[in-house]
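Asker: Structure incoming, see below.
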């Protein structure tokens with residue numbers, strides 16, 4: 023029984039596909055020209071790596087310049103915020119005073135105009151003008 027099992031195992035091992043595949047492989051010759059081409063390609067890749075690293079250094083310096091300029095812009099923006107805030111804070115009461123002053127002056131001039139018109143026509147003074155006199159006293 024053991025010899026039959028051994029024979030079957032030997033027969034099955036001879037049918038192993040990887041063993042047949044190794045026999046069917048075609049050997050591709052690797053020539054000296056191929057070797058020289060590979061060495062040249064490696065040299066070109068090394069040169070390109072050096073150029074890329076030089077560009078990386080250059081881009082880092084440009085990034086630093088952009089960051090510096092962005093800081094300057096931020097400082098100017100802060101200055102404008104504070105400057106306009108102070109100007110508005112100072113200017114608001116002045117503008118409010120001028121608006122109130124002009125409004126009161128226009129009311130007075132309008133009433134003076136009505137009073138002068140009434141005097142020229144020698145008509146009785148309208149009631150609006152009389153209220154102005156009482157307000158002035």
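Numbering (my numbering), first residue to last: 23 to 159. C-beta: ideal position from N, C-alpha, C; glycine also. Every value quoted in this text rests on a predicted model; they were computed, and no experiment measured them.
Report all residues from its chain with a CB closer than 6 Å to the CB of residue 92; omit the five preceding and five following residues, and keep chain order.
Answerer: none
Asker: In this structure, how does DSSP classify residue 50 when only helix, strand and coil are distinguished?
Answerer: coil
Asker: Give me, in chain order, the residues of the same chain whose beta-carbon lies closer than 8 Å to that of residue 107; leave out the 5 immediate sequence neighbours on both sides.
Answerer: none
Asker: Helix, strand or coil, according to DSSP, for residue 120 in the structure here?
Answerer: For residue 120, the secondary structure class from DSSP, reduced to helix, strand or coil, is helix.
Asker: Does DSSP put residue 89 in a helix, in a strand, or in coil?
Answerer: helix
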